[in-house]
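The block underneath contains the structure these notes are about, expressed in structure tokens.
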Amino acid sequence: MTDPSTGPRLRRALQGIPSYKPGRPAAAATDRPTYKLSSNENPFPPLPALVEAAHEASRVMNRYPDLACGRLVGTLSDRLDVPPGHFAMGTGSVALLYHLLQATCEPGDEVVYAWRSFEAYPIAAQVAGATRIEVPLTTGARHDLPAMAASITDRTRVVIVCTPNNPTGPVVTHEELADFCAQVPREVLIVVDEAYLQFVRDPAAADGLALYRDHPNVCVLRTFSKAYCLANFRVGYAIAHDPVAEALRVCTPPFAVSSVAEEAALAALACENELLEQVEVLVKERARVTEGLRALGFDVPATEANFSWLPLGADTQAFARACEEGGVVVRPFDEDGCRVSVGEPAANDLFLDLAGRWAARAR
Ligand SMILES: *Cc1c(COP(=O)(O)O)cnc(C)c1O
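Heads up: the sequence shown is residues 0 to 362, going by numbering that gives the first Met the number 0.
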């Protein structure tokens, strides 16, 4: 952000703030297919039942939606055995993270998270006027929870744990996170970001909801954007005890979730089995991509999400360009590495082919 010396005065916290870089779409080519593997989206077209539910709901676009998002909250409450009052609904779980930080942080308060992790975290922390405390990932691109616990000070208000971690892929284990929750002071909010929950197969993975039941300072974030195919409709939720849930609802602008989004989310829950079958296809594809990349010599960490991480260091941008020239857009992060989403099988085939050519040239 520029620093205008004249004109309306903006909060100093906004100076030098990085902007969110979305995964780019693939440029259309006439001679061959191109694929966007840069935003961790569900590559399957939405099921007809979701499209129909949204279409039907759009007939009342002249009316405000239900402020409480009551039907969706009711359905989630029954399914997850969580009281309705412990939910806050928002325009995606990222919006809820912004509201959480707004609800907890005074200027100069500290927000702790692993790095590298989800690129929305530093932006959200800075918008809130908070100080970012980034704790380096450890071996295997995993969260270093003991180091994160050790970094907590009197100024710490929030610790974010992203499991599986975007963009590297590993989960934290339940044992690790339970130990961590036992150590963190009760005044500090622990946010467990479970955006990729439905892709997790490791039986030792952390169960954020179980920890929320045991700890009044644990808040779980979930989304309909990934496994449920609704990234464009912006619907996510937080589960937290009071007073956090109540504060979140206060900080959320009224009518955040449209009835089109709410009805589509309800339809997604109604045909969850079909969606989870798609997820299972992607989980199998994930194993194929990961093994393929490792066989080519890439040092890919374990992943429980719908993407893989290639720690390419100084080659990061060149690798991303080579993939794009071949018709696959991946997501490069500075000089750290590339994240590649698991796509439909044809996209994964092409990506593995391009990665193979890169590896052959690099030898
Ligand atoms: C994709 C993603 C989300 C979901 O964001 P929405 O705002 O719900 O679309 C949240 N956290 C992480 C780590 C993600 O990768």
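C-beta atoms are modelled at their ideal positions from N, C-alpha and C, and glycine is treated no differently.
- Between Leu309 and Leu292, the gap from beta carbon to beta carbon is short of 8 Å.
- DSSP links Met88 through a beta bridge to Tyr236.
- Bounds of the beta strand (DSSP E) holding Phe306 are Phe306 to Leu309.
- The alpha-carbon separation between Thr103 and Ala94 amounts to approximately 14 Å.
- Leaving aside the five residues that flank Ala246 on each side, the residues in its chain whose CB is nearer than 7 Å to its CB run, in chain order, Ala102.
- In this structure, the alpha-carbon of Ala358 lies about 8 Å from that of Gly296.
- For Glu323, the closest alpha carbon among the candidates Glu261, Arg185, Ile16 and Leu36 is that of Leu36.
- Note: Arg338 is bridge-paired with Trp308 and Arg330 in the DSSP secondary-structure output.
- In the DSSP annotation of this structure, Ala27 is not part of any beta strand (DSSP E), being labelled neither H nor E.
- Counting only residues of its own chain and dropping the five nearest sequence neighbours on each side, Arg330 has a CB closer than 6 Å to the CB of Gly22, Ser37 and Arg338.
- Counted as a single uninterrupted DSSP element, the beta strand (DSSP E) harbouring Ala113 occupies residues Glu109 to Trp114.
- For Lys225, the shortest C-beta to heavy atom distance toward ligand 1 is below 7 Å.
- In the DSSP annotation of this structure, the continuous segment of the beta strand (DSSP E) that includes Glu133 starts and ends at Thr130 to Pro135.
- The alpha carbon of Gly91 has as its nearest neighbour, out of Ile151, Glu55, Phe198 and Ala255, the alpha carbon of Ala255.
- Nearest to Leu71 by C-alpha distance, out of Gly325, Ala267 and Ser307, is Ala267.
- According to the DSSP secondary-structure assignment, Ala204 is paired through a beta bridge with Thr172.
- Distance check between Thr222 and each of His214, Pro215, Arg233 and Arg212 places Arg233 closest, using alpha-carbon atoms only.
- Thr222 has its CB nearer than 7 Å to a heavy atom of ligand 1.
- Taking a cut-off of 8 Å for Cβ pairs, the segment 210 to 221 and the segment 178 to 193 touch, as three or more such pairs fall below it.
- Remark: C-beta atoms of Ile151 and Val111 approach each other more closely than 8 Å.
- In the structure shown, the three-state DSSP call for Ile122 is helix.
- When beta bridges are read from the DSSP output, Cys218 appears opposite Val190.
- Around the beta carbon of Val249, a 10 Å sphere encloses fewer than 16 other beta carbons of the protein chains shown; the residue is thus reported as exposed.
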